[in-house]
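Residue numbers (the numbering used here), protein chains in the order written: chain P, 167 to 479; chain X, 1260 to 1514. Virtual Cβ for every residue (Gly too), placed ideally from N, Cα, C. In what follows, a structure is listed as structure tokens, so that the remarks can point back to it.
Set out below in structure tokens:
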């Protein structure tokens, strides 16, 4: 099948074309913002699980000062971002994009209050009295729920795109969430190394488990999507053996999963805790893996062509 | 709207009419004509078939559902349009549209007809009459301003030119039929019923308002543009009605 360039204004209509809006040129900002979304939300959930205040602060900073500004910068009209929020719009009732922004705002608000109440430098208990504990739990639960929403909403945004069969699967939000949690465990080890009072051995064990689960989920995702449609299969082929194979195997699998898992497992068999240098290497590999995973998912998104029953060769 | 694939001569007149009607920037095209070679060929043997496409004004439009600001709105009459004052330019609608009929107006798509030179009078007029906002998304709106203006004067969409889209009015082969899909007695409803019209990708559940008749879209072996559309012989040439026209003109001149 060939196309005539002088007449074809949009090739995606006649052959499977890679989506570019969210990965090329200014779309690179979406990729970076998505990585920080996962890292921030994942780190917050992990910090809640491990009750680590510094982890919560770090996740809040990642969301507020990296994810949100980068996402807003991507907009064609950044100054209109307020229009995505109630009361200016009720789009959150139907749009995952609007829900995601709302989740982020609510997460930032509730987690901020929660962190202020339980900060290690100033005790609010004498001022709040008996209300301190209930207030703490209300804000912890709300912040946790909205952190979860912030972690999965990107997956739902992409999953709604029927025109990109590679994304149009219910497993994608789970991939996003688990990747975020796995990266969160990686980052909490980093916070522990920086003196953030973290049980590093426990974090390492959790990291091992989440990495294995993550690898399993990514495998299931790719296998299930491969059989979804011809175009989805093309996306998987591009990822596994095609144009993005290097980034996928080296970045996502090698650096993102095998390297940190190897470092973690080696400490079990050697009986010696991994050195700080090894742990820092694992964290760096984790983070590179997070960037590579989002890059691969966005880059391998291919639009279904408009012409019906196009055979892919 | 019904698109007759046999009647359509692929003349690009609808695309030009739309550009003029909406003062479209140089890099922006609302309706499109896509070309495709069903069989790989060499030189003159290569066959080419083309299809006119535009926003399908879906009844269950995914773009309306995903828009985070409510900038994409579906009117009661079914027209889906974009309120460019509300659009933040997130491009979610561009990605989610199954028909890929939305375009983000970036600065490089609005460089001016002759970059480096003064804007043309057409462009200057467009800035006043139909301004386009860079950083937002655009698409075909079935010339809703034209329809509204025409209907306010008592004209009927699809019947009177004053209340019909520019592309429909300009189509020399009358390949485009516009009207009310909800009216079972309208010309468009009759065509859909009689010609067994089809929509693009109905399996997406979007229920497009653009129907195609008298042709196929896809790579079926028989799916070549019919001979008459390649030669244009089915169009009544002006010379064949010259005598009739001159009579009418003489009568008008005599009054």
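Taking CB atoms only, residue 203 of chain P has no neighbour in chain X less than 7 Å away. Residue-level contact by beta carbon holds for residue 1345 of chain X and chain P, with a gap shorter than 7 Å. Taking all protein chains shown into account, residue 1445 of chain X has 16 or more neighbouring C-beta atoms within 10 Å of its C-beta and is therefore buried.
Around the Cβ of residue 389 of chain P, a 10 Å sphere holds fewer than 16 other Cβ atoms; the residue is exposed. Against chain X, the beta carbon of residue 327 of chain P has neighbours under 8 Å at 1354 and 1355, listed in chain order. The three-state reading of DSSP puts residue 1366 of chain X in helix, counting H, G and I together. Chain X has a Cβ within less than 7 Å of the Cβ of residue 257 of chain P. With at least 16 other beta carbons inside 10 angstroms of its own, residue 250 of chain P counts as buried. Contact between the region 1367-1380 of chain X and the region 335-352 of chain P is not established, with fewer than three Cβ pairs separated by less than 8 Å. The C-beta of residue 1331 of chain X comes no closer than 7 Å to any C-beta of chain P. A residue is called buried once 16 or more other Cβ atoms fall within 10 Å of its Cβ, and residue 355 of chain P is buried on that count. Under the DSSP assignment, residue 1263 of chain X falls in the beta strand (DSSP E) whose first and last residues are 1261-1263.
Going by DSSP, residue 1397 of chain X is part of the beta strand (DSSP E) stretching over 1395-1397. Here residue 1450 of chain X has 1261, 1436, 1456 and 1472 as same chain residues with Cβ atoms under 7 Å from its own Cβ, once five neighbours each way along the sequence are excluded. Just so you know, the alpha carbons of residue 376 of chain P and residue 1328 of chain X end up roughly 36 Å apart. Interface flag for residue 242 of chain P against chain X is set, since a Cβ pair is found closer than 7 Å. Of all alpha-carbon atoms in P:230, P:315 and P:243, the one lying nearest the alpha-carbon of residue 269 of chain P is that of P:315.
Here residue 1373 of chain X is exposed, its C-beta having fewer than 16 other C-beta atoms within 10 Å. For residue 210 of chain P, the enclosing alpha helix (DSSP H) stretches over residues 194-216. Pairing residue 348 of chain P with residue 1315 of chain X, the inter-Cα distance amounts to about 42 Å. When secondary structure is reduced to three states using DSSP, residue 1333 of chain X falls in the strand class.
The beta-carbon of residue 1270 of chain X is placed no less than 7 Å from the nearest beta-carbon of chain P. Taking all protein chains shown into account, residue 1380 of chain X has fewer than 16 neighbouring C-beta atoms within 10 Å of its C-beta and is therefore exposed. Taking the Cα positions, residue 265 of chain P is about 10 Å away from residue 256 of chain P.
If only complete runs of 4 or more residues are kept, the region 1376-1428 of chain X shows the alpha helix (DSSP H) at 1380-1388 and 1403-1411, in order along the chain. Remark: fewer than three beta-carbon pairs, one from each stretch, lie closer than 8 Å, so the region 448-464 of chain P and the region 1408-1422 of chain X are not flagged as touching. Around the beta-carbon of residue 432 of chain P, fewer than 16 other beta-carbon atoms lie within 10 Å, marking it exposed.
Residues of the region 1433-1456 of chain X that bring their beta carbon within less than 8 Å of a beta carbon in chain P are absent altogether. Annotation for residue 366 of chain P: 355, 358, 359, 439 and 445 place their beta carbon closer than 8 Å to its own, counting only its chain and skipping 5 residues before and after. In this structure, residue 1267 of chain X places its C-beta atom within 7 Å of the C-beta atom of residue 1311 of chain X. Residue nearest to residue 1292 of chain X within the set X:1460, X:1269 and X:1323 is X:1269 (criterion: CA-CA distance). Residue 263 of chain P and residue 1427 of chain X do not touch by the CB rule: their CB atoms are close to 34 Å apart, not below 8 Å. In the three-state reduction of the DSSP assignment, residue 1271 of chain X falls in the coil class, being assigned neither a helical nor a strand state. With respect to chain X, the C-beta atom of residue 264 of chain P has a partner C-beta closer than 7 Å. Scanning its chain for C-beta atoms nearer than 6 Å, with the 5 sequence neighbours on each side dropped, one finds around residue 392 of chain P the residues 399 and 402, in chain order.
For the options X:1431, X:1464 and X:1403, the alpha carbon positioned closest to that of residue 1333 of chain X is the one of X:1403.
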